[in-house]
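Let me begin by presenting the structure, written as structure tokens, before commenting on it.
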């Protein structure tokens, strides 16, 4: 499960689902795997990395035995994308408290601004192998 980077995301959040689709389309080498925070795989990973399973306000990247949250996860995900998206990793020079301040504004308002679904995203057949339960 953790031999490839795994992205844990809020499966009912429209904004989160948009970014998962965005990442899939820009990960031509299929390095990334995805799982909803509400799913079975997340239920196993969250306690292992001492993360609160009731907190669904952050994207989480599990990579090389470490879990990254909030802006650190989002920026590190860009390292795995094809093309110029790797350049966004340079944003890591901005102090985490500043990056997370802006990240948290979006996270707190994501349902209000972008809406949410009643159930988790169901990937299409062409992407199903990229998703963990």
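In our numbering, the protein residues as written are 1010 to 1142. We put the CB at the ideal spot given by N, CA and C, even for glycine. Keep in mind the model is a prediction, meaning the values are calculated, not measured.
Using beta-carbon positions only, say whether residue i and residue j come within less than 9 Å of one another.
i            : j            : result
residue 1126 : residue 1030 : no
residue 1043 : residue 1119 : no
residue 1054 : residue 1069 : yes
residue 1048 : residue 1141 : yes
residue 1084 : residue 1108 : yes
residue 1113 : residue 1066 : yes
residue 1079 : residue 1105 : yes
Tell me whether residue i sits in a helix, a strand or coil according to DSSP, three-state version.
i            : result
residue 1013 : coil
residue 1042 : strand
residue 1086 : helix
residue 1131 : coil
residue 1028 : helix
residue 1103 : coil
residue 1070 : strand
residue 1037 : coil
residue 1126 : coil
Can you tell me where the alpha helix (DSSP H) with residue i in it begins and where it stops?
i            : result
residue 1141 : From DSSP, residue 1141 is part of no alpha helix (DSSP H); its letter is neither H nor E.
residue 1053 : 1049-1057
Contact defined as beta carbons within less than 8 Å: I believe residue i pairs with residue j. What is the distance between those atoms, to the nearest angstrom?
i            : j            : result
residue 1035 : residue 1099 : Residue 1035 to residue 1099, Cβ: 17 Å. No contact.
Assuming residue i is part of the beta strand (DSSP E), what are its boundary residues?
i            : result
residue 1075 : 1075-1078
Grab me the residues of residue i's own chain with a C-beta within less than 8 Å of its C-beta, minus the 5 sequence neighbours each way, in chain order.
i            : result
residue 1041 : 1013, 1014, 1015, 1016, 1032, 1033, 1086, 1089, 1139
Excluding the 5 residues flanking residue i on each side, which residues of the same chain have their C-beta closer than 6 Å to its C-beta?
i            : result
residue 1082 : 1068, 1069, 1070
residue 1051 : 1017, 1044
residue 1135 : none
residue 1123 : 1023, 1024
By Cβ distance below 7 Å, which residues in the same chain neighbour residue i in space, the five residues on each side in sequence not counted?
i            : result
residue 1037 : 1091
residue 1039 : 1139
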